[in-house]
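Written as structure tokens, this is what we have:
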């Protein structure tokens, strides 16, 4: 996976009512570190840019819903949203899986130190050259 795949540019679509949601979102998200937001090209939309390790679309939209924003409830918006949620959760798990687990590495090193090393062959000497 290329690192740029983790940079997301998503569109958040709002219900037309109540009016002024886009302006409120622009003010709310303005200044958050690692998050860029701009007005969308279509009415009632904003475009957000973020790194998937810092933010997720699901997290952003959940935060908006808890603040009283109303997202578009059309079937197409719900499908897009669900697909984005799934893809981002898989990417986040994959990135976390690729990070080294230092505790398990330390445990492995400790077990390795406790065991005898070298070429040991428990076969009796007289059986080793048997042909």
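In my numbering, the protein residues as written are -19 to 111. For each residue, glycine too, the CB sits at the ideal point set by N, CA and C.
So, at 6 Å on beta carbons, what are the nonlocal neighbours of residue i in its own chain, with the 5 sequence-adjacent residues on each side left out?
{"i": "residue 1", "result": "-6, 49"}
{"i": "residue -4", "result": "24"}
Within its chain, find whatever has a CB closer than 8 Å to the CB of residue i; leave out the 5 residues flanking it on each side and keep chain order.
{"i": "residue 31", "result": "-14, -13, -12, 14"}
{"i": "residue 107", "result": "none"}
Can you tell me which of the three DSSP states residue i falls into?
{"i": "residue 22", "result": "coil"}
{"i": "residue -13", "result": "strand"}
{"i": "residue 32", "result": "coil"}
Residue i to residue j, Cα distance in whole Å?
{"i": "residue 6", "j": "residue 72", "result": "26 Å"}
{"i": "residue -9", "j": "residue 76", "result": "25 Å"}
{"i": "residue 11", "j": "residue 40", "result": "14 Å"}
{"i": "residue 22", "j": "residue 67", "result": "24 Å"}
{"i": "residue 55", "j": "residue 18", "result": "24 Å"}
CB-CB under 7 Å to residue i, same chain, minus the five flanking residues each way: which ones, in chain order?
{"i": "residue 20", "result": "-9, 26, 27"}
{"i": "residue 34", "result": "14"}
Can residue i be considered in contact with the ligand PLP, in the sense that its beta carbon sits closer than 7 Å to one or more heavy atoms?
{"i": "residue 109", "result": "The ligand PLP is absent from the structure shown, which contains no ligands of any kind."}
request  = Jot down the residue ranges of each uninterrupted alpha helix (DSSP H) in the segment 36 to 63, minimum 4 residues, whole runs only, in chain order.
outcome  = 37 to 46, all fully within the segment 36 to 63.
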